[in-house]
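Each residue of the sequence shown is one higher than the one before, starting from -1 at the first, in the working numbering. Ideal Cβ positions, reconstructed from N, Cα and C, are used throughout, including at glycine. Input: a single structure, listed below in structure tokens.
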Amino acid sequence: MASQRQIDVGGVLIGGGAPVVVQTMTKTETANLQATMDQIRTVADAGADLVRVAVPREQDVQALAVIVEQSPIPVIADIHFNHTLALKAIEAGAHCVRLNPGNIGGPEKVAEVIALAKQRGTPLRVGVNSGSLPKHLRELEYEDPVQALVSAALETVELMESLDFTNFKVSMKSTSVPNSIASNRRLAELIPYPLHLGVTEAGTKWSGSLKSAVGLGTLLADGIGDTIRISLSTFHAEDEVKVAWEILKALKLRQRGPDLIACPTCGRLQFDMDTVVAEVERRLEAYEDPIEVSVLGCAVNGIGEARHADFGITGAKDMGMIYSKGEPLKKVPTGELVDELFKEIDRYYAAGKTVLRDEAAAAEARQWLAENEDLTAMTPERVAALEAAAAESDAAAGAVLESMLSPAGEPSVLDEELSPVAGRRFSRR
Ligand code: SF4
-1 MASQRQIDVG GVLIGGGAPV VVQTMTKTET ANLQATMDQI RTVADAGADL VRVAVPREQD
59 VQALAVIVEQ SPIPVIADIH FNHTLALKAI EAGAHCVRLN PGNIGGPEKV AEVIALAKQR
119 GTPLRVGVNS GSLPKHLREL EYEDPVQALV SAALETVELM ESLDFTNFKV SMKSTSVPNS
179 IASNRRLAEL IPYPLHLGVT EAGTKWSGSL KSAVGLGTLL ADGIGDTIRI SLSTFHAEDE
239 VKVAWEILKA LKLRQRGPDL IACPTCGRLQ FDMDTVVAEV ERRLEAYEDP IEVSVLGCAV
299 NGIGEARHAD FGITGAKDMG MIYSKGEPLK KVPTGELVDE LFKEIDRYYA AGKTVLRDEA
359 AAAEARQWLA ENEDLTAMTP ERVAALEAAA AESDAAAGAV LESMLSPAGE PSVLDEELSP
419 VAGRRFSRR
């Protein structure tokens, strides 16, 4: 369930049904203005809606005022242990401040920060982390780590409410994917505030992306989560943004840029598809429109699998073909497939999103396709299609059989099982 409440972080709405917000964190020393601003512009170009910067020292909070002014996207200041820096970050105009009330120096200091946040209208991100739960929850953490996280988050929420402050989002992070899922599911039922999702210290680009996709994807598919940050061990914060977008695009929660679909390849492949797919993916980064582009490793299946794609290519050893919406456009030498694909895409945009088809070239491509298509080949795609059709016809046959055996309103014999008492039937209902 989406959160009921909404907060506004520098014009970006979080929660209350707003689109899921993508954020990341810079990896630079914040006081190094040049490096920090370069990275902020890079992540903004990659699609970050918000960026967080670490503010551990006095020089960082001084740089923050300039960063807030120059940044193309709203800036969140990340503060730990030092309530004076939190106050200064709010004064510097940070669009949001992230702090953990448990490590900021006691209730009076928390109250001081909240008073200034209220006065300046600055939202906060408050939360808890599995690695730093309060001492009184340690025993519970041993017995039930999920409930310990939820209890710590609820205590933080109660503290905010006791100070009459509701302009915040909540994060509850764990290095464990199952615990992240279970705790956020539980918390989402208990509080109305927006949730920030992330798997903390997820790992390298490869494993961290997968853990995040599983953990965050599961919650997002349930409608839980209002903003996400992918934590990866890489200096390239833009990679975190790209992964976040792939998760949101896969769930059809947001749309940004082209969608590349590609077959998994198999023994029928006759050209260097790895290189071709990587090149197509790289060149598609220059496009913002949500166009769908497909790459098929061979034409054995025809191009029916890619009939939804706006554009696509399929190749063989020497020759390949470009198609659009399941219809051939032209055949070209395999080595020119990628260049010719992008020429067609550019022509499409130049013509106001109209596919320009040269009938003679299309006829030649159709003939090439007919020569290369093999209607008898059991390809992975055809096996999957046959299995899906079989499952559908099984279900349909089952429904017909049941309707024949069960007069309207009466339990079907399919819902009954033989009783252990010989010859007697009993209903499961
Ligand atoms: S049969 Fe399917 S998976 Fe194999 S190369 Fe052709 S399109 Fe790709």
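C-alpha gap between residue i and residue j, whole angstroms
| i | j | result |
| --- | --- | --- |
| alanine 52 | glutamate 290 | 37 Å |
| proline 105 | threonine 82 | 14 Å |
| glycine 324 | histidine 306 | 7 Å |
| glycine 213 | proline 176 | 7 Å |
| glycine 15 | leucine 195 | 15 Å |
| valine 274 | glutamate 379 | 20 Å |
| leucine 373 | proline 262 | 20 Å |
| glutamate 139 | valine 155 | 19 Å |
| cysteine 296 | alanine 389 | 27 Å |
| alanine 304 | threonine 377 | 15 Å |
| lysine 329 | glutamate 283 | 25 Å |
| leucine 335 | alanine 260 | 15 Å |
| leucine 399 | alanine 386 | 20 Å |
| isoleucine 5 | serine 181 | 22 Å |
| glycine 313 | aspartate 337 | 14 Å |
| arginine 136 | asparagine 98 | 17 Å |
| proline 54 | isoleucine 102 | 12 Å |
| glycine 333 | leucine 188 | 58 Å |
Contact under 7 Å by Cβ, residue i with residue j
| i | j | result |
| --- | --- | --- |
| alanine 375 | valine 298 | yes |
| valine 431 | cysteine 94 | Because the chain is modelled from -1 through 427, residue 431 falls outside the range shown and cannot be assessed. |
| glutamine 37 | arginine 227 | no |
| valine 197 | valine 41 | no |
| glycine 91 | proline 132 | no |
| leucine 114 | isoleucine 77 | no |
| isoleucine 65 | arginine 50 | no |
| glutamate 244 | glycine 300 | no |
| glycine 223 | leucine 193 | yes |
| alanine 44 | glutamate 199 | no |
| valine 168 | alanine 151 | yes |
| leucine 28 | alanine 61 | Reading the sequence as shown, one finds threonine at residue 28 and not leucine. Yes. |
| leucine 230 | lysine 203 | yes |
Identity of the residue in the options nearest residue i by Cα
| i | options | result |
| --- | --- | --- |
| alanine 33 | Asp287, Asp58, Ala348 and Gly103 | Asp58 |
| aspartate 270 | Leu249, Gly318, Asp142 and Gly350 | Gly318 |
| proline 143 | Asn127, Leu188 and Ser391 | Asn127 |
| alanine 368 | Asp344, Ile259 and Gly302 | Gly302 |
| asparagine 165 | Ser322, Ala151 and Gly13 | Gly13 |
| aspartate 287 | Pro331, Arg252 and Ala242 | Arg252 |
| leucine 11 | Asp47, Asp43 and Lys25 | Asp47 |
| aspartate 356 | Val381, Ala348 and Tyr321 | Tyr321 |
| serine 178 | Ala211, Ala397, Trp204 and Ala29 | Ala211 |
| leucine 85 | Leu122, Glu67 and Ile71 | Leu122 |
| aspartate 316 | Leu267, Ala383, Ala359 and Asp162 | Leu267 |
Residue burial classification, residue i (beta-carbon count within 10 angstroms, cutoff 16)
| i | result |
| --- | --- |
| serine 69 | buried |
| threonine 225 | buried |
| glutamate 125 | Per the sequence presented here, residue 125 reads as glycine, with glutamate not at that position. Buried, by the Cβ-count rule. |
| leucine 416 | Low per-residue confidence applies at leucine 416: pLDDT is 39, beneath 50, and the placement is therefore not dependable, though the value from the model is reported in the following sentence. By the neighbour-count rule (16 or more Cβ atoms within 10 Å), leucine 416 is not buried but exposed. |
| arginine 280 | exposed |
| arginine 96 | buried |
| serine 401 | exposed |
| valine 411 | Because valine 411 carries a pLDDT of 46, less than 50, the predicted location of this residue cannot be relied on, and the following value inherits that uncertainty. Result: exposed. |
| alanine 420 | Because alanine 420 sits at a pLDDT of 38, beneath the cut-off of 50, its placement in the model cannot be relied upon, and the following sentence gives the value as read from the coordinates. Result: exposed. |
| proline 326 | buried |
| proline 256 | buried |
| leucine 354 | exposed |
| valine 381 | exposed |
| lysine 452 | Outside the modelled stretch of the chain, which goes from -1 to 427, sits residue 452, for which no answer is possible. |
| phenylalanine 309 | buried |
Cross-strand partners of residue i (DSSP beta bridge)
| i | result |
| --- | --- |
| phenylalanine 166 | Leu122 |
| valine 49 | Thr22 and Val73 |
| cysteine 94 | Ile74 |
| leucine 11 | Asp6 |
| methionine 317 | Pro331 |
| arginine 227 | Gln21 |
| aspartate 270 | According to DSSP, which records beta bridges pairwise, aspartate 270 is partnered with nothing at all. |
| alanine 297 | Alanine 297 pairs with nothing; no bridge assigned. |
| glutamate 290 | Asp257 |
Residue i Cβ short of 6 Å to ligand 2 heavy atom set
| i | result |
| --- | --- |
| valine 298 | In terms of ligand content, the structure shown lacks ligand 2 and carries ligand 1 instead. |
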